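J.: Got a structure here, written out as structure tokens. Questions coming.
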Amino acid sequence: MPVASVPALTLSAYQVDRGCQGAHLDADPALLDFARETLDKELGDRLDQEGLIDPYAPLRAEICFEQMHLRTTLVTFLLYPVVRPDQLKVQIMLLKGNQLLHTWHLNAENNAGGYMASPGRERRYRMLVSLINRKFVRLLKTSDSKPS
Numbered sequence: 008m009p010v011a012s013v014p015a016l017t018l019s020a021y022q023v024d025r026g027c028q029g030a031h032l033d034a035d036p037a038l039l040d041f042a043r044e045t046l047d048k049e050l051g052d053r054l055d056q057e058g059l060i061d062p063y064a065p066l067r068a069e070i071c072f073e074q075m076h077l078r079t080t081l082v083t084f085l086l087y088p089v090v091r092p093d094q095l096k097v098q099i100m101l102l103k104g105n106q107l108l109h110t111w112h113l114n115a116e117n118n119a120g121g122y123m124a125s126p127g128r129e130r131r132y133r134m135l136v137s138l139i140n141r142k143f144v145r146l147l148k149t150s151d152s153k154p155s
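Next comes the structure, spelled out in structure tokens:
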């Protein structure tokens, strides 16, 4: 007997803001803007690819950064086993009109280090953003908190 799949939640729109109220953002403003723009663009592409954007859907999402930490290149290269990993935490609020339906807190970490992980802070941000996007899409596809 086939298992009935749960229909995915679809969004009419989403908005990515820089930082949530009381956020702990350990990044310079240029990298924070880069991370916001990257999340905005890549999430839009991913939602469109997965068919989760519908202009007539009653739901929208507001996304903000709760915490952001990116190790320096030298620390990533030499000291990665003993220091805090690269980390990105976001808050996603699912809204119907002005009513808050649900809040998710998603976390992405990258413990990689050494020569291959050292180049490109932007590349390391992209890896964290990609993890957040995958987790959010999975939540939309499997959420049992359907709006009425």
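Just so it is clear: in the sequence shown, position 120 is 127 by my numbering, and no numbers are missing. Using N, Cα and C, we set each Cβ at its ideal position, and we do this for glycine too. Bear in mind that the values here come from a model prediction, so they are computed numbers and not experimental data.
For Asp47, name the three-state secondary structure that DSSP assigns.
T.: Helix, per DSSP.
J.: Are Ala42 and Leu95 closer than 9 Å when you measure CB to CB?
T.: Yes, Cβ-Cβ distance for Ala42 and Leu95 is below 9 Å.
J.: Taking the alpha-carbon of Asp61 as reference, which of Gly51, Glu129, Val97 has the nearest alpha-carbon?
T.: Out of Gly51, Glu129, Val97, Gly51 has the C-alpha closest to the C-alpha of Asp61.
J.: Below 7 Å CB to CB, which residues in the same chain sit around Asn117 once its five sequence neighbours on both sides are set aside?
T.: The answer, listed in chain order, is Pro92, Asp93, Arg131, Met134, Leu135.
J.: If you draw a straight line from the alpha carbon of Thr110 to that of Leu101, how long is it in whole angstroms?
T.: Those two C-alpha atoms are separated by around 6 Å.
J.: Report yes if the CB atom of Leu113 is closer than 9 Å to the CB atom of Arg67, and no otherwise.
T.: No, the Cβ-Cβ distance between Leu113 and Arg67 is not below 9 Å.
J.: Does Tyr132 come out as helix, strand or coil in the three-state DSSP assignment?
T.: Helix, per DSSP.
J.: Which term fits Ala37, buried or exposed, when burial requires 16 or more other beta carbons within 10 angstroms of its beta carbon?
T.: Burial call: exposed.
J.: In terms of alpha-carbon separation, which member of Glu49, Ala15, His31 lies closest to Gln22?
T.: The shortest C-alpha separation from Gln22 is found at Glu49.
J.: Below 9 Å between beta carbons: does that hold for Ala15 and Leu147?
T.: Cβ distance < 9 Å, so Ala15 and Leu147 count as in contact.
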